[in-house]
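Engineer: Would you mind keeping the following structure in view while I ask a few things?
2 protein chains.
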Amino acid sequence: MENPLIPPLNFSMAAPGIYRSGYPNSMNHAFMKKLRLKTILYLCPEEYSESNTAWCETNGVRVVQCGILPNKEPFQFIPDDVVADALRVLLDRRNHPVLMHCNSGKHRSGVVIGSMRKMQQWSLTSIFDEYRRFAGSKVRILDQQFIELFRVDTVKYDKRCAPRWLK
Amino acid sequence: MENPLIPPLNFSMAAPGIYRSGYPNSMNHAFMKKLRLKTILYLCPEEYSESNTAWCETNGVRVVQCGILPNKEPFQFIPDDVVADALRVLLDRRNHPVLMHCNSGKHRSGVVIGSMRKMQQWSLTSIFDEYRRFAGSKVRILDQQFIELFRVDTVKYDKRCAPRWLK
Chain A
1 MENPLIPPLN FSMAAPGIYR SGYPNSMNHA FMKKLRLKTI LYLCPEEYSE SNTAWCETNG
61 VRVVQCGILP NKEPFQFIPD DVVADALRVL LDRRNHPVLM HCNSGKHRSG VVIGSMRKMQ
121 QWSLTSIFDE YRRFAGSKVR ILDQQFIELF RVDTVKYDKR CAPRWLK
Chain B
1001 MENPLIPPLN FSMAAPGIYR SGYPNSMNHA FMKKLRLKTI LYLCPEEYSE SNTAWCETNG
1061 VRVVQCGILP NKEPFQFIPD DVVADALRVL LDRRNHPVLM HCNSGKHRSG VVIGSMRKMQ
1121 QWSLTSIFDE YRRFAGSKVR ILDQQFIELF RVDTVKYDKR CAPRWLK
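Chains as they are written, first to last, in my numbering: chain A, 1 to 167; chain B, 1001 to 1167.
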């Protein structure tokens, strides 16, 4: 058998054109090549890893960074406007296929996808169930609260370039 | 706000054109309409529910049944050939978009998707991690063993109609 393909941690397809995961490393590059990505949406404030930056350059993948600090009790809250920025990138089909990732693929990615589900009008029960599927025993109430309170009308995305499934 | 959309239990996108979930009911029909399904692949041996049958007729969705009895220790084993049949339906893009479902969206669906991941050459670690994400505390060793031993060369699918991401 050939070498197996190794998706990044917590990898999943969230919607047509949109993938989510934890932080990829060089062991994941062969897998990622199969996705024919156009964009990587990187959700951490730290500088992007050298190995991923080099891989993206070689493969013509654009890296967009929306640096988010995760929710942390009692005083660190994810700001609404950065999530709205991330959603604007995610919901522009000119960027598709896009892989969005944070570190573990649990919290920041979960918050952005949960907010996207709100725009898709999913029930909160379904949104939280999907969030929990990735966060496992690390569910954060503040993340769920963010999603519950997130106002979808603050996302000023370009409707002409929105994916068909959002309409 | 309009009525929220309710995806079926354990709903997820497994790959372009392929969705998986637990058994849908009438509360999920508005959500399912948005998927513009062509096919439902039903993995249980029992007759399909009246409400889903009627919905599929109204919406021009073809129902294909591959009845599988779940793994159950000590003597009930999922047969390889029915899983190969299910994969043949799943991997024909003329059937896409397709929603595959069993009862809970955990075990039978997990086995079929896990076997598909093997065809995609995913590492077993990644396959089992995805399986566990849906099965939660109900992980079945026999399911994982099925996936590990499954011989992908027994799936006689039509390569001309296979999705691009499989090639």
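Using N, Cα and C, we set each Cβ at its ideal position, and we do this for glycine too.
1. Name the two residues that bound the continuous alpha helix (DSSP H) containing B:Ala1086.
2. If we count Cβ pairs, one from each stretch, closer than 8 Å, do we get three or more for the region 118 to 127 of chain A versus the region 97 to 110 of chain A?
3. Can a CB atom of chain B be found closer than 7 Å to the CB of A:Met13?
4. If we count the other Cβ atoms within 10 Å of its Cβ and call it buried at 16 or more, is B:Cys1161 buried or exposed?
5. So is B:Trp1055 in contact with chain A if we call contact Cβ pairs under 7 Å?
6. With distance defined between alpha-carbon atoms, name the residue in A:Phe77, A:Cys56, A:Met13 nearest to A:Ser26.
7. Kindly provide the ranges of any alpha helix (DSSP H) runs that are 4 or more residues long and lie completely inside the region 1107 to 1132 of chain B, ordered along the chain.
8. Compare the beta carbon distance of B:Cys1066 and B:Cys1102 with 7 Å and say whether it is the shorter of the two.
9. Cutting at 6 Å between CB atoms, please list the residues of its own chain near A:Leu142, excluding the five before and the five after it.
10. Taking a contact to mean a Cβ-Cβ separation below 7 Å, would you say A:Pro4 touches B:Gln1121 in this structure?
11. Give the C-beta separation of A:Gln76 and A:Leu87 to the nearest angstrom, bearing in mind that I take them to be a contact with Cβ-Cβ under 8 Å.
12. Please say whether B:Asn1052 and B:Phe1134 have beta carbons closer to each other than 7 Å?
13. Measure the alpha-carbon distance for B:Met1013 versus B:Tyr1019 and round it to whole angstroms.
14. To the nearest angstrom, report how far apart A:Pro97 and B:Arg1151 are at their CA atoms.
15. My output table needs one value for B:Val1139: the three-state DSSP class, helix, strand or coil.
16. Out of B:Glu1073, B:Asn1059, B:Gly1110, which has the shortest C-alpha to C-alpha gap to B:Val1083?
17. Which residues in chain B have a C-beta closer than 7 Å to the C-beta of A:Pro4? List them in chain order.
18. Nearest by alpha-carbon distance to B:Glu1047: which of B:Arg1117, B:Val1064, B:Lys1038, B:Lys1159 is it?
19. Any Cβ of chain A within less than 7 Å of the Cβ of B:Pro1007?
20. How about A:Ser26: is its C-beta nearer than 7 Å to some C-beta of chain B?
21. Give me whichever residues DSSP pairs with B:Arg1062 in a beta bridge.
22. Look up B:Leu1099 in the DSSP assignment and say whether it is helix, strand or coil.
23. Name, please, each residue of chain B whose Cβ falls closer than 7 Å to the Cβ of A:Lys34.
24. Taking 7 Å as the CB-CB cut-off, is A:Arg133 touching chain B?
Structural biologist: To lay it out plainly:
1. In the DSSP annotation of this structure, the continuous segment of the alpha helix (DSSP H) that includes B:Ala1086 starts and ends at 1080 to 1090.
2. no
3. Yes, because at least one Cβ of chain B sits closer than 7 Å to the Cβ of A:Met13.
4. exposed
5. Output row for B:Trp1055: interface = no.
6. A:Cys56
7. 1108 to 1119
8. At least 7 Å separates the beta-carbon of B:Cys1066 from that of B:Cys1102.
9. Excluding its 5 nearest sequence neighbours in each direction, A:Leu142 has C-beta neighbours in its own chain below 6 Å: Asn71, listed in chain order.
10. The beta carbons of A:Pro4 and B:Gln1121 sit closer together than 7 Å.
11. Going by Cβ atoms, the distance from A:Gln76 to A:Leu87 rounds to 21 Å, so no, they are not a contact pair.
12. no
13. 4 Å
14. In a straight line, the C-alpha of A:Pro97 is about 31 Å away from that of B:Arg1151.
15. coil
16. B:Val1083 has its Cα closest to that of B:Gly1110, out of B:Glu1073, B:Asn1059, B:Gly1110.
17. Gln1121, Trp1122, Ser1123
18. B:Val1064
19. Closer than 7 Å to some Cβ of chain A, the Cβ of B:Pro1007 qualifies, so yes.
20. no
21. Under the DSSP definition of a beta bridge, B:Arg1062 partners with B:Thr1039.
22. strand
23. Trp1165
24. yes
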